[in-house]
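**Student:**
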Amino acid sequence: MLRVAFQGELGAYGEAAVRSYFGESADPIPSVDFPSVTSSVEFGAVDYGVLPVENSIVGRVEAAILALGRGRVRIVGGVEVAIEHCLLAMPGTDLEGIRRAESHPIALAQCSAFFSDHAQITAVSSYDTAGAAAEVARAGDPARAAIAGAAAAGRYGLQILATGIADRSDNRTRFLIIAPRSIAAKGGRTSAAPSAAMPVSTPLPKCSEEWLTAVLRVVRKPARRIIALLPEISV
Numbered sequence: 032m033l034r035v036a037f038q039g040e041l042g043a044y045g046e047a048a049v050r051s052y053f054g055e056s057a058d059p060i061p062s063v064d065f066p067s068v069t070s071s072v073e074f075g076a077v078d079y080g081v082l083p084v085e086n087s088i089v090g091r092v093e094a095a096i097l098a099l100g101r102g103r104v105r106i107v108g109g110v111e112v113a114i115e116h117c118l119l120a121m122p123g124t125d126l127e128g129i130r131r132a133e134s135h136p137i138a139l140a141q142c143s144a145f146f147s148d149h150a151q152i153t154a155v156s157s158y159d160t161a162g163a164a165a166e167v168a169r170a171g172d173p174a175r176a177a178i179a180g181a182a183a184a185g186r187y188g189l190q191i192l193a194t195g196i197a198d199r200s201d202n203r204t205r206f207l208i209i210a211p212r213s214i215a216a217k218g219g220r221t222s223a224a225p226s227a228a229m230p231v232s233t234p235l236p237k238c239s240e241e242w243l244t245a246v247l248r249v250v251r252k253p254a255r256r257i258i259a260l261l262p263e264i265s266v
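Using our numbering, the letters of the sequence shown correspond one by one to residues 32 to 266.
1) Relative to the C-alpha of residue 98, which candidate in 112, 109, 88, 83 has its C-alpha closest?
2) Does the beta-carbon of residue 192 have 16 or more other beta-carbons within 10 angstroms, so that it is buried, or is it exposed?
3) With a threshold of 8 Å on Cβ separation, who are the neighbours of residue 252 within its own chain once the five nearest residues in sequence on each side are excluded?
4) Can you check whether the CB of residue 177 is closer than 9 Å to the CB of residue 113?
5) In the DSSP assignment, find the beta strand (DSSP E) that holds residue 210 and state where it starts and stops.
6) In the DSSP assignment, find the alpha helix (DSSP H) that holds residue 124 and state where it starts and stops.
7) Return helix, strand or coil for residue 253, following the three-state DSSP convention.
8) With respect to the alpha helix (DSSP H) encompassing residue 136, which residues constitute its N-terminal and C-terminal limits?
9) Got a sec, what are the start and stop residues for the beta strand (DSSP E) residue 173 sits in?
10) Throw me the rounded Cβ distance for the residue 65 and residue 38 pair, which I believe falls under 8 Å.
11) Let me confirm a value: residue 141 is counted as buried when at least 16 other C-beta atoms fall within 10 Å, else exposed. Which label applies?
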């Protein structure tokens, strides 16, 4: 079974990216942050990793791009995941009683209109969407909520108070699939790489000059260092 690292807890969107690209037979491995994902891949603790690098609402995920630039890994594919943020709380709670909503800062930024419409709710940063849901469940405080996907509600026994609370309905995140340097890119995979029988994922096109420039600005690496990470995938 392939072990695939993602940032966050089980029930996070990173786990959804793992399932979408590798199928249900993969073993998603939670990681506390993006550097932990790249380190796990680089040193062989896992077979692959997934990193979110771009979102349709907030743009680049620079912390993930920074971790990518510093890790001795290579990109072997990509997948887009639809993001539907829900407000999760303890069973029996109603929306009027919520006073704080916890989630990853990027998820909070994607729900700015929701917070404008519900001024009584304070946005509180957490390291992960599903991690916030787990903490709300542990605390048992009816005034606390988490912003995460529906999968986190089922996993941690929370009630969904509202669905689709992101600013736009076309909220999507692009994840890159990373592997150790020894694993070939798409078009030349080793036997350990995902097979053609796995679910079809969104093709990863060649990165635009603008995107590469942004990466270079963030990680401040020589151009050849970043280009070496990229697979030769046709548009």
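All C-beta atoms in this analysis are idealised placements derived from N, C-alpha and C, irrespective of residue type, glycine included.
**Tutor:** In short, the structure shows the following:
1) Taking the sequence shown and counting its residues from 1, one reaches residue 98 at position 67. Nearest option by C-alpha distance: 83.
2) Walking along the sequence shown from the start, residue 192 turns up at place 161. Looking at its Cβ environment, which holds 16 or more other Cβ atoms inside 10 Å, residue 192 is buried.
3) Against the sequence shown, residue 252 aligns to sequence position 221. Legend: pLDDT at residue 252 = 48, less than 50; position of this residue unreliable, no value from coordinates given.
4) The count along the sequence shown starts at 1 and reaches residue 113 at position 82. The count along the sequence shown starts at 1 and reaches residue 177 at position 146. Result no, Cβ atoms of residue 113 and residue 177 do not sit closer than 9 Å.
5) In the sequence shown, residue 210 corresponds to position 179, counting from 1. From DSSP, the beta strand (DSSP E) with residue 210 extends over 203 to 211.
6) Within the sequence shown, numbered from 1, the residue matching residue 124 stands at position 93. Counting along the chain, residue 124 falls outside any alpha helix (DSSP H), and DSSP gives it neither H nor E.
7) Taking the sequence shown and counting its residues from 1, one reaches residue 253 at position 222. Confidence in residue 253 is poor, its pLDDT being 43 and thus under 50, which makes the residue's placement unreliable; the coordinate value appears in the next sentence. If DSSP states are grouped into helix, strand and coil, residue 253 belongs with coil.
8) By 1-based counting over the sequence shown, the position of residue 136 is 105. Its alpha helix (DSSP H) spans residues 136 to 140.
9) If you number the sequence shown from 1, residue 173 lands on position 142. Here residue 173 belongs to no beta strand (DSSP E), and DSSP marks it neither H nor E.
10) Position 34 of the sequence shown, counted from the first residue, corresponds to residue 65. Position 7 of the sequence shown, counted from the first residue, corresponds to residue 38. The Cβ separation is near 5 Å, so the contact holds.
11) On the sequence shown, residue 141 is found 110 positions in, with the first residue counted as 1. Buried, by the Cβ-count rule.
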